[in-house]
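Residue numbers (this note's numbering): 3 to 136.
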């Protein structure tokens, strides 16, 4: 598990680097999908960064723009922090388990599985080992 935890931390570092590089080039780290639709203008409080397509060109443009906006750098950074907290929690459990505390020994197995599951989101990245798959 040490190898997986280290590798997963490196993936989080890379995600953070990418998200922060994006926010360094624009005034906002929260994005919104803006444009005209049947209900009028939505989420126009942020400036446009990328133009996807008009609703006439691609009917799914609104859904695509909304998806991108929902996965803005601010959200990515929050998700990274949550995953880092999970890794820190796992390390605290492991420390207690090493001391022989029966409850923590049992918990370590369950939390190890959760870390393996979390890592599968990065299975397409270099360095992921199939032996880590739950």
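Built from N, CA and C at the ideal position, the CB exists for glycine as well.
Hey, how far is the Cα of residue 99 from the Cα of residue 11?
By 1-based counting over the chain shown, the position of residue 99 is 97. By 1-based counting over the chain shown, the position of residue 11 is 9. In a straight line, the C-alpha of residue 99 is about 21 Å away from that of residue 11.
How would you call residue 115, buried or exposed, if buried means at least 16 neighbouring beta carbons within 10 angstroms?
Here residue 115 corresponds to residue number 113 of the chain shown, with the count starting at 1. The residue in question, residue 115, is exposed, as its Cβ has fewer than 16 Cβ neighbours within 10 Å.
Is it buried or exposed, residue 110, if we count other Cβ atoms within 10 angstroms and call 16 or more buried?
Counting from 1 along the chain shown, the entry for residue 110 is found at position 108. Classification for residue 110: buried.
Note down, one range per segment and in chain order, each beta strand (DSSP E) of at least 3 residues found wholly within the segment 57-95.
none
Which of the three DSSP states, helix, strand or coil, is assigned to residue 14?
Residue 14 sits at position 12 when you count from the first residue of the chain shown. DSSP places residue 14 in helix when its eight states are reduced to three.
Please return the same chain residues whose Cβ sits closer than 8 Å to the Cβ of residue 130, not counting the five positions on each side in sequence.
The residue you call residue 130 lines up with position 128 of the chain shown. 9, 121, 124.
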